[in-house]
Amino acid sequence: MSWQLTSYSIILVVSAAICVGLAFVSWRWRGTRGALALVLLMLAIAQWDLVVALEAAAVRESQKILWSKISYIGVTASPLLLLVFVLRYTRQDEVLPTRFFVSLWIVPAVTVALALTNEGHGLVWTRVGLHPDPARNVLLYEYGLWFWFWMAYAYCLLAVATFFLVRMALQYRHTYRLQATLLLLALFFPWLSNILYITDVGIFSGQDLTPLSFALAAALLVLDIHRFRLLDLVPIAREAVIESMEEGVLVLDREDCIVDANPAALDLLALDASSIGRRVGEALAAWPELVEICRHGRQKRCEVYREGPSPQYLDVRLSQMHDRQERLRGRLVVVNDMTVQKSLEEQLRQAQKMEAVGRLAGGIAHEFNNLLTVINGYTEMSLTGLDGDDPIHKDLEQVLEAGRRAARLTGRLLTFSRRRSMEEKIVDPRDVLKDMSHMLKPVVDKDVRLKIEAADALGKIRVDRGRLEEALLNLVTNAQDAIGEKRDGGGMITIEARNVDLAAAVKSYLPVERGEYVLVGVHDTGAGMDADVQERIFEPFFTTKEVGEGTGLGMAIVYGTVEAFGGGIEVDSTPGQGTSVRIYIPRVK
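Put into structure tokens, the structure is as follows:
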């Protein structure tokens with residue numbers, strides 16, 4: 013064979029050697045996503061470079077045509093392997109079946125076969141020959157139908173790869189966006205050089221710079237690998253692990269500046285994208301305790317509380333990040349919203365306390381009721397043996413009346429502790445409220461407006477009707493007393509009933525899970541309650557009234573009744589603005 017060594021062929025040989033070296037370097041990351049495709053891409057480019065170098069150095073036309081045919085192995089494999097690498101890198105391969113990747117090789121395989129047998133059909137080149145100027149020593153081609161089909165196919169492969177990298181570049185920020193930008197730059201050179209070669213434009217007319225541009229693209233990929241740890245820090249993994257985490261993640265540098273934050277952290281701490289790059293003291297001004305922890309905290313885990321109209325609890329985990337020389341590089345702060353959990357813990361604590369109080373009250377009431385039965389029984393027997401005008405008769409009547417009042421009191425305690433039997437039936441809440449409207453009017457002062465709002469088509473509930481009426485009577489009585497405490501005249505008590513479908517648990521004294529309920533609420537415009545009173549509202553014998561004006565069992569009975577129905581109670585009250593008590597009773601399907 014005759015050879016004519018040129019600077020172009022030397023550059024191609026050097027490029028091939030570099031690609032082989034890059035393949036060996038990339039082999040070190042063969043266990044990570046996309047690494048194997050990258051190694052094969054380097055080897056395909058190396059084959060392409062080397063064969064094109066041999067074509068450029070060959071003198072005879074037959075030799076050049078032979079090497080041109082062989083180069084199609086690298087020509088067809090390179091864009092396809094580049095696409096496979098991008099799909100693996102961006103994890104798009106997870107949604108694509110294996111047969112899809114196998115089918116992608118059909119067109120390249122046919123193209124190589126047609127190139128090797130072109131003389132028999134002319135589908136790749138209809139005509140090929142040496143340049144008229146012997147000094148140029150290059151082949152000139154007139155391309156056939158299949159060549160243009162292959163070019164369209166190859167451009168589609170590059171376009172798809174470019175699309176996914178552009179989308180990733182727009183989606184990620186900081187280091188990851190720079191990675192994608194370098195990859196896009198790597199794709200730009202093959203596009204440009206191949207278009208210039210096909211259109212025969214430029215000072216390198218007749219010389220295919222596409223293999224060199226692919227080699228340059230490979231060099232940029234390796235720069236990504238070494239400088240930005242491309243295959244160690246795959247951006248899509250960050251999306252899957254960090255971006256989609258429900259916990260907030262903040263990354264701070266040594267200067268206590270926020271260098272990164274996931275969407276959960278931005279939402280939880282009421283930050284925006286402009287907070288990135290600001291100091292924590294400025295960005296987290298609403299969280300002074302959290303700022304102190306971020307700056308000087310050495311505890312690995314702690315709790316942060318922020319007061320306000322909507323108090324929040326945060327569980328904070330702090331980790332210091334050091335380099336290999338054990339120098340502090342920054343801090344990783346993971347925050348989790350514990351507000352709901354704290355609320356549930358408080359509800360559980362309240363329920364446990366009420367259960368304990370109920371057991372104690374029930375036990376005492378049961379024993380006391382037995383004693384009262386004896387006392388009242390012997391008192392009644394004594395009365396039957398005395399004349400009505402006997403002075404002792406009047407004294408015993410007072411004893412019996414006190415005993416009966418005590419029996420009624422113990423009965424209410426037994427109701428609270430659920431030791432009194434119930435007669436549950438399926439009832440319509442509208443019927444209950446309609447019948448009670450006459451009963452409630454004498455309870456409410458004339459200058460207080462009583463309003464009953466019952467929605468149409470209310471669901472049925474399974475309750476002891478008498479105990480439900482007693483509970484509502486207690487709530488309306490308390491509402492009337494609260495309006496009287498306000499002492500400004502007038503006022504309104506509203507009783508509402510409607511169907512509710514709860515998609516999540518409701519904060520209440522008796523926890524209410526998701527499901528279908530009938531809500532019965534009593535709202536007043538009275539004096540309202542502060543937080544301390546609300547916390548003890550359902551305790552037996554707790555009352556804010558003067559001595560002798562109340563037993564403190566009304567709300568305790570409401571609590572025991574609703575608990576017996578399997579429902580829940582929610583109380584909202586603000587001093588001076590009134591109180592709302594909402595009862596949730598499960599609907600009967």
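Terminal number for the sequence shown in this note's numbering: 601, no gaps in between.
Glycine residues also receive a C-beta, built at the ideal position from the N, C-alpha and C atoms.
The C-beta of W15 has fewer than 16 other C-beta atoms within 10 Å across all chains shown, which makes the residue exposed. When secondary structure is reduced to three states using DSSP, A466 falls in the strand class.
Residues W60, V63, V64, E67 of the same chain have their beta carbon placed closer than 7 angstroms to that of S83, with the five preceding and five following residues left out of the count.
Taking 9 angstroms as the cut-off, the Cβ atoms of H535 and I505 count as close. Residue Y153 holds the alpha-carbon nearest to the alpha-carbon of I77 among S38, Y153, L384. In terms of CA proximity to L92, L169 leads the group S38, L169, E131, G33. The criterion of a C-beta distance shorter than 9 angstroms is not satisfied by A29 and A56. Contact between G580 and V524 holds, since their C-beta atoms are separated by about 3 angstroms, short of 8 angstroms.
In the structure shown, W137 falls within a strand segment according to DSSP collapsed to helix, strand and coil. Rounded to the nearest whole angstrom, the C-alpha separation of E575 and L484 is 14 angstroms.
Residues G289, R290, R291 of the same chain have their beta carbon placed closer than 7 angstroms to that of C269, with the five preceding and five following residues left out of the count. Taking the CA atoms as reference points, C314 sits about 22 angstroms from E267.
Taking the Cβ atoms as the reference, L445 lies roughly 5 angstroms from A466, within the contact range of under 8 angstroms. Annotation: the continuous alpha helix (DSSP H) that includes R548 extends over 543-548.
The segment 46-80 contains, as complete alpha helix (DSSP H) runs of 4+ residues, the segments 47-69 (chain order). Sixteen is the threshold: since fewer than 16 other Cβ atoms of the shown chains lie within 10 Å of the Cβ of Q332, the residue is exposed. Counted as a single uninterrupted DSSP element, the beta strand (DSSP E) harbouring C314 occupies residues 313-318. Inter-residue distance for L384 and R416 is about 8 angstroms (C-alpha atoms, whole angstroms). Linking T586 to G502 through their CA atoms gives a straight-line distance of about 18 angstroms.
Inclusion of A49 and R100 in the CB contact set at 9 angstroms is warranted, their separation being smaller than that value.
For S449, there is no enclosing beta strand (DSSP E); the enclosing alpha helix (DSSP H) has its first and last residue at 441-452. The DSSP-derived three-state label of K354 is helix. Linking A297 to V96 through their CA atoms gives a straight-line distance of about 47 angstroms. Taken atom to atom, the span from the alpha-carbon of V345 to that of E304 is near 12 angstroms.
Between the alpha carbons of K437 and L278 lies a distance of about 51 angstroms. Assigned with DSSP and collapsed to three states, G533 falls in strand. If the five residues before and after N149 are omitted, its C-beta is found closer than 8 angstroms to the C-beta atoms of Q16, T18, A68, V71, L142, H143, all from its own chain and listed in chain order. Beta-bridge analysis with DSSP links M333 to G342.
DSSP places T88 within a helical segment (H, G or I) once states are collapsed to three.
As computed with DSSP, I505 is found in a beta bridge with L462, D536. If the five residues before and after K498 are omitted, its C-beta is found closer than 6 angstroms to the C-beta atoms of G538, A539, all from its own chain and listed in chain order. Around L514, the same chain offers V524, R526, G527, Y529 as residues with beta carbons nearer than 7 angstroms, after the five sequence neighbours per side are excluded. In terms of Cα proximity to S449, the closest of I464, V271, M350, A494 is I464.
The Cβ atoms of L412 and T391 lie closer than 9 angstroms to each other.
Between the beta-carbon of W158 and that of L128 there is about 13 angstroms, and that puts the pair past the 8 angstroms contact cut.
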